[in-house]
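A.B. asks: Pasting a structure below so you can have a look.
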Amino acid sequence: MKVAVLGASGPTGRQVTALACAAGHDVVAVVRRPGSVTPGERLTVETADVTDVADMTSVFKGADAVLSCLGAPYSWRPVTVYSASARAVVDGMRAADVRRLVVVSAGLTHPVTRGGVRWQRPVYGILRNGPGRTLYADMRRMEDILTGARDLEWTVMRPARLSDEARPGDELRVTADLPGGRAWTTRRDLAIAMLDELTTPHTHQSPFVTTR
């Protein structure tokens, strides 16, 4: 399968790219800065603007699926990368005749009413409405754009707090609701879950991805 990975130079994108190549997929790593990812046997690198429809159409041609690992830090300033890229990606996929799309959102994009640790739910609200307000607002705009694109086979992945560290005995879970208890998500598990969507898709769904 040929997959285009957006945000391939980021911490999650690198995991997705490496695992996809190891699984035998042909990968197009889409990056903003030339030289940020090194081409390989199954890996080609394209420099593109993820908010430009023409760029997205070009890099998507011949692909079977698009995996978006785009991310942004908390900011008090407006965040637009999620919604702006979603518009360009949707239009670019339509123009390139690609239907399968998997994107990364967040577990805190919407209020957590079930799962997690009950006493931490007010903290979730503080993060969502405080330092993460502009980021999560743009994630919601991205999700609204995808919800309107019923002709595409999209899945929105909702990780918990992301971590680069894995521990022996960790277990990947993909669930409809945030599991009870403390939850986090290793970037490797998120990458595995995204690649699993290529063969066992949760089409038009937004599952939580956690490591327990």
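Following the numbering used here, the numbering of the sequence shown begins with 8 at its first residue and continues without gaps. No residue lacks a Cβ here, since even glycine has one placed at the ideal position from N, Cα and C. On a predicted model such as this, the values are computed, not experimentally measured, just so you know.
1) By Cβ distance below 7 Å, which residues in the same chain neighbour residue 180 in space, the five residues on each side in sequence not counted?
2) Quick check on residue 150: does DSSP put it in helix, strand or coil?
3) Determine the direct distance from the alpha carbon of residue 61 to that of residue 104, and round the result to whole angstroms.
4) Helix, strand or coil: which one does DSSP assign to residue 30?
5) Report the option in 190, 33, 93 whose CA atom is closest to the CA atom of residue 76.
6) Quick one, are the C-beta atoms of residue 160 and residue 107 less than 7 Å apart?
7) Of all the options 177, 192, 182, 152, which has the alpha carbon lying nearest to the alpha carbon of residue 168?
8) Going by alpha carbons, who is nearest to residue 68 out of 48, 170, 98?
9) Please report the distance separating the alpha-carbon of residue 134 from that of residue 140.
10) By how many angstroms is the C-alpha of residue 51 removed from the C-alpha of residue 10?
C.D. replies: Based on what the coordinates show:
1) As a position in the sequence shown, residue 180 is number 173, starting the count at 1. 186, 217, 219, listed in sequence order.
2) Residue mapping note: residue 150 aligns to position 143 of the sequence shown, counting from 1. The answer is helix: DSSP assigns residue 150 an H, G or I state.
3) Here residue 104 corresponds to residue number 97 of the sequence shown, with the count starting at 1. Here residue 61 corresponds to residue number 54 of the sequence shown, with the count starting at 1. The straight-line gap from Cα to Cα measures roughly 14 Å.
4) Along the sequence shown, read from residue 1 onward, the residue named residue 30 stands at position 23. The answer is coil: DSSP assigns residue 30 none of H, G, I, E or B.
5) Stepping through the sequence shown from its first residue, residue 76 is reached at position 69. Distances from the alpha-carbon of residue 76 to those of 190, 33, 93 put 93 closest.
6) In the sequence shown, residue 160 corresponds to position 153, counting from 1. In the sequence shown, residue 107 corresponds to position 100, counting from 1. Against a cut-off of 7 Å, the Cβ pair of residue 107 and residue 160 comes out as a contact.
7) Taking the sequence shown and counting its residues from 1, the one referred to as residue 168 is at position 161. For residue 168, the closest C-alpha among the options 177, 192, 182, 152 is that of 192.
8) Walking along the sequence shown from the start, residue 68 turns up at place 61. Comparing alpha carbon positions, the residue from 48, 170, 98 closest to residue 68 is 98.
9) Here residue 134 corresponds to residue number 127 of the sequence shown, with the count starting at 1. Here residue 140 corresponds to residue number 133 of the sequence shown, with the count starting at 1. Rounded to whole angstroms, the gap between the alpha carbons of residue 134 and residue 140 is 7 Å.
10) Residue mapping note: residue 10 aligns to position 3 of the sequence shown, counting from 1. Residue mapping note: residue 51 aligns to position 44 of the sequence shown, counting from 1. So the two alpha carbons sit approximately 11 Å from each other.
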